Structure formats: structure tokens, C-alpha cells
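Asks: Chains as they are written, first to last, in our numbering: chain C, 1 to 179; chain W, 180 to 358.
#1: Go to residue 8 of chain C, then tell me how far its beta strand (DSSP E) extends in each direction, as first and last residue.
#2: Does DSSP put residue 149 of chain C in a helix, in a strand, or in coil?
#3: Should residue 193 of chain W be flagged as near chain C, meaning a C-beta pair shorter than 7 Å?
#4: I need the straight-line Cα distance from residue 173 of chain C to residue 263 of chain W, nearest angstrom please.
#5: So, for residue 336 of chain W: in the same chain, excluding its five sequence neighbours on each side, which residues have a beta-carbon less than 8 Å away from its beta-carbon?
#6: Reducing DSSP to helix, strand and coil, say where residue 358 of chain W ends up.
#7: Closer than 8 Å between beta carbons: that is the criterion. Which residues of the stretch 336 to 348 of chain W meet it against chain C?
#8: Closer than 6 Å by C-beta to residue 136 of chain C: which residues in its own chain qualify, once you throw out the five before and the five after it? Chain order, please.
#9: Does the beta carbon of residue 328 of chain W sit closer than 7 Å to a beta carbon anywhere in chain C?
#10: List in chain order: all unbroken beta strand (DSSP E) runs of 3+ residues lying wholly within the stretch 198 to 236 of chain W.
#11: Reducing DSSP to helix, strand and coil, say where residue 283 of chain W ends up.
#12: Can you name the residues of chain W whose CB is closer than 7 Å to the CB of residue 154 of chain C?
#13: Verify the CB distance criterion: does residue 247 of chain W have a CB-CB separation below 7 Å to chain C?
#14: How about the stretch 259 to 275 of chain W and the stretch 203 to 212 of chain W: do they share at least three Cβ pairs that are nearer than 8 Å?
#15: Along the chain, where does the beta strand (DSSP E) containing residue 316 of chain W start, and where does it finish?
#16: Contact between the stretch 245 to 261 of chain W and the stretch 303 to 319 of chain W: three or more CB pairs below 8 Å?
#17: So, is the C-beta of residue 210 of chain W closer than 7 Å to a C-beta in chain C?
#18: Just how far apart, CA to CA, sit residue 70 of chain C and residue 52 of chain C?
#19: Buried or exposed for residue 244 of chain W, going by 16 or more other Cβ atoms inside 10 Å?
#20: Flag residue 139 of chain C as yes if its beta-carbon sits less than 7 Å from any beta-carbon of chain W, otherwise no.
#21: Can you say whether residue 220 of chain W is buried or exposed, counting buried as having 16 or more other CB atoms within 10 angstroms of its CB?
#22: For a cutoff of 7 Å on Cβ pairs, would you count residue 28 of chain C as touching chain W?
#23: Residue 120 of chain C touches chain W at which residues, Cβ-Cβ below 8 Å?
#24: Please confirm if residue 290 of chain W has its CB atom under 7 Å from at least one CB of chain C.
#25: Any beta-carbon of chain C closer than 7 Å to the one on residue 353 of chain W?
#26: Pair every Cβ in the stretch 317 to 336 of chain W with every Cβ in the stretch 291 to 308 of chain W, then say whether three or more of these pairs are closer than 8 Å.
#27: With DSSP as the reference, identify every bridge partner of residue 244 of chain W, one or two as the case may be.
#28: So what's residue 295 of chain W in DSSP terms, helix, strand or just coil?
#29: Can you give me the C-alpha to C-alpha distance between residue 34 of chain C and residue 258 of chain W, rounded to a whole angstrom?
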């Protein structure tokens with residue numbers, strides 16, 4: 001069975017996923033009158049489950065919206081003791097080595113995973129466990145914040161799969177790990 | 180007279196213009212059998228002069244090639260005492276406030292400037308003196324090195340002008356400062 005770990009994320013031109021105050025409102029700075037989804041719905045159809053860090057999980061919980069995922073969410077955390085009762089059917093705590101967590105998810109039949117959250121993406125990249133990355137670039141410089149990419153010991157080569165432009169302003173490029 | 184300060188540069192996916200060893204050989208990692216110029220010749224036709232930092236100047240001098248510019252090059256430096264004799268007709272030392280240097284260049288009839296070199300680009304961006312940026316993204320992560328973008332006190336908004344794909348692998352996007 002083919003297995004893939006995918007990233008689908010937006011950054012500023014200077015590569016940040018959150019600004020200096022941890023805010024992401026600038027993501028919506030390009031007017032989007034028809035609620036263009038930038039390919040998100042199609043992307044979500046192709047995945048079996050999500051893997052995200054505690055911070056991202058708590059951020060999503062904090063949004064004043066309904067739980068946005070219809071696939072199981074695995075929350076990577078050593079700190080969190082348990083998933084709040086309200087979300088016990090939707091989210092599941094995992095910890096340990098990433099490769100062990102992946103084996104566990106694969107055994108459950110979750111082969112195509114959406115890896116989300118800055119720290120989690122960086123951890124997966126450090127172990128060369130990301131197979132596809134889709135980055136939507138918002139045309140502004142934040143000048144500081146939380147970077148999508150972190151330090152790596154070696155170069156990691158990718159292959160461009162496609163580039164699209166959304167709303168005439170947002171460049172979205174998809175890359176596949178060259179192995 | 181319309182005046183523009185333009186950047187034309189390539190980065191890794193993680194936003195570096197040089198790797199951890201200061202090297203740029205990864206820029207040529209995408210096979211380019213027909214010497215595709217990525218729009219460089221057309222870009223150069225539109226500029227009157229270059230402004231670069233000392234380090235970039237010395238790097239270009241160090242290349243084992245003929246002097247690559249047919250437009251005057253203004254070298255920003257407080258450290259360099261003089262331009263080597265071999266290049267006295269081609270390159271000129273400037274220093275002081277960027278806005279004063281720009282006035283000086285405009286008086287000489289150089290209205291469209293190619294701002295080059297990491298430190299110099301960052302200095303111009305800090306003072307919001309960049310009008311257009313063209314970034315070619317090479318599909319690899321370096322994991323460290325010299326970043327194109329540095330810290331800024333405020334957000335800086337741009338407008339996407341165009342996106343092109345070169346060699347089926349390199350995404351090149353051009354942005355205009357939104358003023």
C-alpha cells in the first residue's frame with residue numbers, strides 16, 4: 001500500500017506561518033468574495049487522517065467554529081494528558097517516535113496523512129518523513145514570526161508537481177520528495 | 180520620472196540565497212541543457228544600474244569569469260577603501276544613507292536599479308525602498324544558510340504581478356510593492 005505524508009499550508013513571502021503575535025489573520029488579506037478554497041477540499045478528500053501538534057490542536061479548539069475535520073485527528077503531545085471529553089470521538093493522543101506512530105496509523109488503515117502545525121511539520125522534515133508539500137504564498141512580508149521551515153542537517157530535494165495562482169494573488173506550488 | 184528599485188533573485192524553498200557554507204552551487208541543481216536564462220536578460224534590459232553590497236561585489240570578482248555587467252555597478256560599503264584598478268570604469272564605491280545614495284544615482288540618470296546581495300536587499304527592505312521583487316524558487320530545502328529576508332518592524336504588502344515556471348521545476352513569481 002502506498003503511504004504518503006502531506007503538508008498543505010500557507011506562508012508569507014518570508015516563509016512564516018504565524019506572525020510575531022502568533023496571529024494568522026494576514027492569511028485572509030487577499031479578498032476572497034466567493035470563498036475560493038485554494039484546493040483544500042480536494043486535498044482533504046485525498047487524506048485518511050490528520051497528525052498535528054498540541055499547539056495546533058488547541059488553536060483549532062479555540063476557534064469559535066464547529067470542529068472542522070471529518071477525519072480522525074491524531075494529536076502529537078507528551079504534555080497533554082487527555083483529549084477533552086467534547087472531542088474524544090474526533091481526536092486521539094499519540095506520542096513516541098514518529099516512525100512508531102506512523103506504523104500504528106498505517107495498521108489502523110490511515111495511509112495518507114495530513115501533517116499539520118509548524119513544530120510537527122519541522123519534526124517530520126527533520127526525519128525526512130514528508131512526501132508532499134503544498135505551499136500557498138500570501139504576497140506580503142511579515143518580518144518575523146514562526147517559520148514553516150527549520151534547521152535541517154542536510155539538503156532535501158523536491159520535485160515541482162504543479163503551480164497554480166488563486167485569486168490572482170496567491171501562488172500555490174506542490175512539491176514531491178525526490179527519492 | 181518613474182523610479183524603481185528591483186530585486187531579481189533565486190532562493191531555496193526555505194528562503195535561503197546561500198547555503199550553510201556560503202555556496203550557491205545548488206542554484207544549478209535543476210538541469211538546464213539549453214541555458215534558459217529565467218528572464219534575466221529581459222530583466223537586465225530594464226535596469227540602468229546595479230546597487231550591491233561589498234560581499235556580493237567581492238563574490239562576483241572572485242568568479243573565474245569575465246565581468247558580467249554592462250551597466251554601472253554601485254558598491255555599498257563603509258569598509259572597502261577603493262575599487263580595484265581592474266574595475267574602476269565598471270564599479271563605483273558609494274556609502275551613506277540609502278536615500279541619499281538613491282538621490283545621487285537618480286541625478287546621474289539611473290532610475291531603474293537592480294538591488295542585489297542579501298545584506299543590501301535587507302537594508303533596502305527595512306527602509307521600504309524596494310518596489311519590485313522577482314523570486315525564483317529552487318525546489319529544495321537547504322536547512323540553513325543566509326536568508327533572503329530578515330526581520331522587519333512592520334508587515335509589508337505586495338501584489339503578485341506574474342508567476343512563471345522555468346524548466347518545469349523553478350517557480351518564478353514577481354511582486355510589486357502595494358503603496
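Every residue gets a Cβ at the ideal spot worked out from N, C-alpha and C, and that includes glycine.
Quick caveat, the model's predicted, so the values are computed rather than measured.
Replies: Concretely, from the data shown:
#1: 4 to 12 is the extent of the beta strand (DSSP E) around residue 8 of chain C.
#2: Reduced to three states, the DSSP call for residue 149 of chain C is coil.
#3: Cβ-Cβ to chain C under 7 Å: yes for residue 193 of chain W.
#4: Rounded to whole angstroms, residue 173 of chain C to residue 263 of chain W spans 44 Å at the Cα level.
#5: The beta carbon of residue 336 of chain W sits closer than 8 Å to the beta carbons of 356, 357 from its chain, once the five residues preceding and following it are set aside; these are given in chain order.
#6: When DSSP states are grouped into helix, strand and coil, residue 358 of chain W belongs to the coil group.
#7: Residues passing the 8 Å Cβ filter: 336, 337, 338, 339, 342, 344, 347, 348.
#8: Taken in chain order, the residues that qualify are 10, 38, 170, 172.
#9: Closer than 7 Å: yes.
#10: The beta strand (DSSP E) runs lying completely inside the stretch 198 to 236 of chain W and spanning 3 residues or more are 228 to 232, given in chain order.
#11: Looking at residue 283 of chain W - three-state DSSP - the assignment turns out to be helix.
#12: The answer, in chain order, is 322.
#13: No, because no Cβ of chain C sits closer than 7 Å to the Cβ of residue 247 of chain W.
#14: Result no; under three Cβ-Cβ pairs closer than 8 Å.
#15: Note, residue 316 of chain W: beta strand (DSSP E), 311 to 317.
#16: The stretch 245 to 261 of chain W vs the stretch 303 to 319 of chain W: no contact.
#17: So, not an interface residue.
#18: Approximately 15 Å between the Cα atoms of the pair.
#19: Residue environment: residue 244 of chain W is assigned as exposed (fewer than 16 neighbouring CB atoms within 10 Å of its CB, all protein chains considered).
#20: So yes, residue 139 of chain C belongs to the interface.
#21: Classification for residue 220 of chain W: exposed.
#22: It does not; no Cβ of chain W falls within 7 Å.
#23: By Cβ distance, chain W contributes nothing, its closest Cβ being about 16 Å from residue 120 of chain C, past 8 Å.
#24: Using a Cβ-Cβ cut-off of 7 Å, residue 290 of chain W does not count as an interface residue toward chain C, since no Cβ of chain C sits closer than that to its own.
#25: Interface with chain C (7 Å Cβ-Cβ cutoff): residue 353 of chain W is excluded.
#26: When Cβ pairs closer than 8 Å are counted between the two stretches, the stretch 317 to 336 of chain W is seen to touch the stretch 291 to 308 of chain W, the count reaching three or more.
#27: Paired residues: none, contrary to the question.
#28: Three-state result, residue 295 of chain W: strand.
#29: Using only the alpha carbons, I get a separation of about 54 Å.
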